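Everything below concerns the one structure shown next.
There are 2 protein chains.
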Amino acid sequence: MYPNWILQRAQLTPHRTALNFEGQIWTFEKLKKISIERAEQLTALGIKPKERVAIMGPSQPRLIFMMYACMHLQCEMVMLNRKLSKHELEYQIKDAQVEKVLVDDEDNSLLPDHQKPLLFSEVESSMRKPFEIEKEWSLDQTISIMYTSGTTGYPKGVRQTAGNHQASALASVLNIGLTEEDVWLCAVPLFHISGFSILVRSLLYGNAVKLYKKFDEEGAVEDIANGTVTHMSAVAVMLQRVIQGLEERGLRASPKFKLLLAGGGPVPENYIERAHRLKLKVSQTYGMTETSSQTATLSNEDALRKLGSAGKPLFFNQIKIAGALSPREMGEILIRGPHVTPGYIGHFSEKGATADGWLHTGDIGYLDEEGYLFVVDRRSDLIISGGENIYPAEIENVLLSHEAVQEAGVCALADETWGQVPAAFIVLKSDAEESELMQFCTERLAKYKVPKHFHFVPALPRNGSDKLMRRKLKDLLK
Amino acid sequence: MYPNWILQRAQLTPHRTALNFEGQIWTFEKLKKISIERAEQLTALGIKPKERVAIMGPSQPRLIFMMYACMHLQCEMVMLNRKLSKHELEYQIKDAQVEKVLVDDEDNSLLPDHQKPLLFSEVESSMRKPFEIEKEWSLDQTISIMYTSGTTGYPKGVRQTAGNHQASALASVLNIGLTEEDVWLCAVPLFHISGFSILVRSLLYGNAVKLYKKFDEEGAVEDIANGTVTHMSAVAVMLQRVIQGLEERGLRASPKFKLLLAGGGPVPENYIERAHRLKLKVSQTYGMTETSSQTATLSNEDALRKLGSAGKPLFFNQIKIAGALSPREMGEILIRGPHVTPGYIGHFSEKGATADGWLHTGDIGYLDEEGYLFVVDRRSDLIISGGENIYPAEIENVLLSHEAVQEAGVCALADETWGQVPAAFIVLKSDAEESELMQFCTERLAKYKVPKHFHFVPALPRNGSDKLMRRKLKDLLK
């Protein structure tokens with residue numbers, strides 16, 4: 001049994017800064033008090049310990065208070081991605097069979113229309129009812145559930161236990177170190193593991209989080225140049241904007257700034273080289289929802305020597321390449337460790353996440369002679385756009401549900417800003433305009449998933465067994 | 001399952017310095033290679049995986065190689081205290097039912113005469129035989145066994161599992177932080193948890209250990225003043241000598257030096273104040289063999305504000321006072337956490353270490369309003385002399401086995417150098433000289449346990465039920 005992180009952290013370092021948001025400060029003691037108050041309000045409103053709830057809102061303190069309240073209640077939190085369409089949210093809420101949806105008033109209009117959520121404001125103004133706060137947590141209790149798509153295009157709810165999160169945070173600290181002065185800039189979504197893991201680390205490490213509601217290039221550049229933050233998590237597009245911001249202003253990263261953790265897809269090599277010139281230390285990471293954040297991380301010292309690598313596994317983690325007998329042999333990347341999810345909920349709850357204790361990522365890669373991981377190809381033709389994962393099958397399913405569409409294939413096209421964007425290749429059975437299909441997708445898919453390009457073609461490339469060959473779609477453009 | 005620490009550390013940071021001894025350097029890769037070689041040599045000499053072995057030697061690299069070899073073989077290592085008498089060693093070796101005793105040639109003469117140990121030199125010059133190295137360890141496998149005495153005076157072999165050691169190292173890093181430059185000075189015995197835990201931390205953290213064969217005041221003072229080490233573990237008598245050394249040479253601790261972890265008994269307040277004047281950061285800790293090192297630690301910032309306190313529990317640990325309903329109420333100190341031993345071996349294997357999941361320390365203390373622990377009185381009249389625990393009952397048992405002794409009582413007397421030393425109060429049944437009793441004890445007890453003072457008295461203070469009142473022994477001196 002391990003202590004309730006929120007209580008223990010407040011007990012150990014009550015007066016340290018836990019959260020900084022738009023200049024306002026909350027200590028760990030304050031966070032504890034508010035989160036218990038929220039938990040009592042949720043109790044008064046009928047939420048019971050260990051129930052499953054969904055939670056949605058922009059990145060601001062009230063969302064963190066609500067999450068910590070749910071953690072006190074040991075509720076399983078389904079983290080809803082606020083970029084999703086109503087259709088997509090509907091699917092997840094139904095699949096997860098949540099007792100209640102908790103939503104920041106700001107995001108209420110994003111929910112499916114028939115939902116009767118509990119608004120944050122209702123909770124915040126509610127009466128309080130005491131509950132028995134659990135002082136100890138078991139490592140196998142589920143803290144969070146995050147949906148991720150897969151080969152089939154149907155999102156799967158991934159369980160992330162207290163043990164997963166804790167192992168991830170502990171393995172990370174053994175890699176990147178820790179001092180009392182550490183402040184982590186969080187401008188990645190709290191509903192993704194990249195953001196939520198910053199909160200977990202803060203509770204375990206006792207360090208401050210500087211939270212941004214939205215990524216703010218100017219703010220981040222200043223924070224990094226002044227050393228008011230020491231760490232930052234970013235996807236490639238944010239890293240690019242930070243680099244450009246520093247370059248344009250003729251600034252460099254402060255020596256106090258220790259690490260920008262770059263995840264959510266590959267980082268162009270050119271960024272790494274420019275970052276080095278700006279004294280901006282960047283570590284590339286490889287991780288996924290199923291591994292509660294980082295599995296491997298490339299240290300800054302190795303960044304130039306091992307360009308393109310995602311580094312070595314963190315201390316508790318193991319990586320192997322299926323079928324590989326020697327270095328540089330390519331194959332599916334398999335992962336093992338205490339950070340790997342025990343499995344899924346809902347429709348995929350029968351499907352184990354691992355085979356023989358190893359998570360089969362579907363990603364293709366190799367380990368070099370020194371054990372550095374190189375990710376060569378993403379699972380299931382995965383498209384990564386601005387750090388968000390997009391599975392072609394999910395978009396194809398939507399397109400195929402349109403009456404005019406005979407066949408649909410989706411693949412990634414390179415994009416200056418987002419790294420990649422989805423493009424659709426369509427065989428029509430009756431007339432339809434691009435604008436009509438785009439509108440159709442926009443109603444059913446998160447904006448970042450809506451194809452940026454539509455190409456009408458006479459046939460799609462298929463193999464002998466008639467399987468769509470997504471990698472050949474791009475050739476149709478020639 | 002967690003990775004074999006030695007293999008994983010060598011895989012992640014092969015070229016970092018792991019060990020520095022008398023100017024010679026070993027990297028983690030080197031340590032791995034040598035330890036596997038030793039394991040193969042042990043295999044050739046008939047040691048099988050998971051067997052229980054005893055191990056003894058002075059603090060030097062060959063002892064570490066041998067320990068790590070045993071860890072590769074997943075052998076349970078009984079760590080023999082080389083200060084013990086042959087009688088005492090005999091008891092432990094027999095109680096633990098070890099398959100083999102591994103001993104540094106230097107210490108062979110310290111073993112009971114009939115023992116047929118395996119000398120380190122024999123292992124080092126042996127042929128090698130391959131074995132299947134276990135790449136994963138389970139948290140509940142026993143890594144080390146350390147004997148500690150108790151109320152009865154009969155030493156108990158305490159199991160310390162991989163999970164205990166790992167939890168201890170991880171909780172400690174969350175408290176004291178970590179940077180790549182960290183170097184830990186180890187001049188405390190490797191057979192005690194204070195020393196062995198430095199090795200465990202080094203493997204998990206990837207930091208260097210500067211090992212001293214014996215505590216060397218001049219060397220330690222230089223290391224601290226020059227910043228060639230960043231951390232040091234010490235008992236009060238070593239701390240005192242470091243302080244005095246710095247004072248006499250007009251030196252101060254380097255700003256690079258981060259922390260002297262002072263354990264193994266109370267630290268006089270005067271030391272703390274002098275250390276502060278020397279910019280020497282000192283953290284007092286409270287721990288014991290059963291908790292695989294620190295349970296609570298007082299941070300340096302709190303050192304003066306909370307003089308006399310052992311601090312707050314580390315992140316995974318819980319402390320409560322039996323029966324206490326409010327702060328400052330005194331009672332037995334109870335401990336809970338993943339660092340607490342699952343139990344004992346040998347004669348006491350039936351005796352659980354915990355009740356309801358809590359370790360009953362026998363120590364008396366209280367928690368103040370802020371949750372800081374104050375240890376008021378040690379368990380079972382425990383005497384702590386230079387960081388070594390001495391249980392009066394153990395010495396009394398020896399004295400009572402002397403034909404001239406009718407009754408014997410042992411208690412602590414304050415001592416300038418050692419903090420405390422044991423003193424014996426004796427009722428004779430026939431004539432005996434002090435020198436004779438001293439000689440008798442010297443043959444049967446570790447030197448540090450031999451009473452420094454003998455007082456012949458007509459009767460011992462006893463309570464109504466005739467129980468010896470050790471705390472009243474001192475009054476006999478008046």
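For the protein sequence lines, the chains are W and S, in the order given. The opening residue of the first sequence carries number 1 in full-length UniProt numbering; numbering runs sequentially from there. The opening residue of the second sequence carries number 1 in full-length UniProt numbering; numbering runs sequentially from there. For every residue, glycine included, the Cβ atom is placed at its ideal position computed from N, Cα and C. For clarity, every value in this text was computed on a predicted model and none was experimentally measured.
Contact with chain S by residue i, beta-carbon distance below 8 Å
| i | result |
| --- | --- |
| Gly371 of chain W | yes |
| Lys312 of chain W | yes |
| Leu178 of chain W | yes |
| Phe120 of chain W | no |
| Val282 of chain W | no |
| Leu304 of chain W | no |
Three-state class that DSSP yields for residue i in the structure shown
| i | result |
| --- | --- |
| Tyr154 of chain W | coil |
| Pro392 of chain W | helix |
| Asp105 of chain W | helix |
| Tyr271 of chain S | helix |
| His453 of chain S | strand |
| Val98 of chain W | coil |
| Thr285 of chain W | strand |
| Glu290 of chain W | helix |
| Trp418 of chain S | coil |
| Gly264 of chain S | coil |
Through-space distance from residue j to residue i, alpha-carbon basis
| i | j | result |
| --- | --- | --- |
| Arg379 of chain W | Asn389 of chain W | 11 Å |
| Asp431 of chain W | Phe454 of chain W | 14 Å |
| Ala408 of chain S | Ala167 of chain S | 41 Å |
| Arg252 of chain S | Ala225 of chain S | 6 Å |
| Gln306 of chain S | Tyr271 of chain S | Rather than Gln, the amino acid found at residue 306 of chain S in this sequence is Lys. Straight-line Cα distance between these residues: approximately 14 Å. |
| Leu382 of chain S | Tyr391 of chain S | 5 Å |
| Leu190 of chain S | Phe196 of chain S | 5 Å |
| Gln41 of chain W | Met127 of chain W | 6 Å |
| Arg470 of chain W | Ile335 of chain W | 26 Å |
| Tyr344 of chain W | Pro61 of chain S | 48 Å |
| Ser254 of chain W | Phe131 of chain S | 50 Å |
| Gly157 of chain S | Cys70 of chain S | 18 Å |
| Gly331 of chain S | Trp358 of chain S | 14 Å |
| Gly323 of chain S | Ile333 of chain S | 10 Å |
| Ala10 of chain W | Ile55 of chain S | 42 Å |
| Met79 of chain S | Ile143 of chain S | 10 Å |
| His360 of chain S | Thr354 of chain S | 7 Å |
Identity of the residues DSSP links to residue i by a beta bridge
| i | result |
| --- | --- |
| His231 of chain W | W:Trp184, W:Leu259 |
| Asp363 of chain W | Its beta-bridge partners do not exist; DSSP assigns none. |
| Ile333 of chain W | W:Ile321 |
| Pro313 of chain S | S:Ala296 |
| Val340 of chain W | According to DSSP, Val340 of chain W bridges with nothing at all. |
| Gly371 of chain W | The partner list for Gly371 of chain W (beta bridge, DSSP) is empty, contrary to what the question assumes. |
| Ala208 of chain W | W:Val183 |
| Thr142 of chain S | S:Thr161 |
| Val410 of chain S | S:Ala424 |
| Trp358 of chain S | S:Ala355 |
| residue 511 of chain W | Because chain W in this structure spans residues 1 to 478, residue 511 of chain W falls outside the shown range and cannot be described. |
| Met79 of chain S | S:Ile55 |
| Gln24 of chain W | W:Phe21 |
Residue-level contact to chain W via CB, residue i, 8 Å cutoff
| i | result |
| --- | --- |
| Leu260 of chain S | no |
| Tyr91 of chain S | no |
| Leu12 of chain S | yes |
| Tyr212 of chain S | no |
| Tyr286 of chain S | no |
| Pro49 of chain S | no |
| Val173 of chain S | yes |
| Gln318 of chain S | yes |
| Tyr2 of chain S | yes |
| residue 487 of chain S | What the structure shows of chain S is the stretch from 1 to 478, and residue 487 of chain S is not part of that stretch, so it cannot be assessed. |
| Tyr205 of chain S | yes |
Task: Ranges of the beta strand (DSSP E) found wholly within the stretch 42 to 71 of chain W, counting only runs of at least 3 - done: The stretch 42 to 71 of chain W contains these whole beta strand (DSSP E) runs: 52 to 56.
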